[in-house]
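Please read the structure below before turning to the comments.
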Amino acid sequence: MNRKTVVHPFRTSSYSGGGSANECVEVARTVTGGRAVRDSKDPARGTAYFGAEAWQAFVTALGNGQEAG
Numbered sequence: 601m602n603r604k605t606v607v608h609p610f611r612t613s614s615y616s617g618g619g620s621a622n623e624c625v626e627v628a629r630t631v632t633g634g635r636a637v638r639d640s641k642d643p644a645r646g647t648a649y650f651g652a653e654a655w656q657a658f659v660t661a662l663g664n665g666q667e668a669g
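For the sequence shown, my numbering gives the first residue as 601, with consecutive numbering after it.
Right, here's the structure in full:
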């Protein structure tokens with residue numbers, strides 16, 4: 601099973617706002633339960649893939665007010 605196989609369409613993040621100056625990302629679920637993330641303004645530039653555990657840790661950290669990194 602290829603962890604990079606996207607099983608749901610990309611959707612724009614709920615935190616992305618309108619206007620041309622905003623940093624917008626799109627997120628899609630992968631076959632292994634992880635997420636694929638790309639720049640909505642330039643999707644051909646590339647996609648980053650995160651496993652399910654890494655994605656959950658990222659979302660939990662953000663929910664706790666921690667910075668990612």
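Glycine included, each C-beta is placed from N, C-alpha and C at the ideal position.
- In terms of Cβ geometry, E653 and R638 do not form a close pair [threshold 8 Å].
- Within its own chain, the residues whose Cβ lies closer than 7 Å to the Cβ of W655, once the five positions on either side in sequence are excluded, are G634, R635, listed in chain order.
- In the three-state reduction of the DSSP assignment, F610 falls in the coil class.
- Assignment of T660 by DSSP, reduced to helix, strand and coil, places it in the helix class.
- Our two residues, A648 and K604, have alpha carbons roughly 9 Å apart in a direct line.
- One Cα belongs to G665, the other to V659, and the distance between them is close to 10 Å.
- The C-beta distance from G651 to T632 rounds to 7 Å, short enough to fall under 8 Å.
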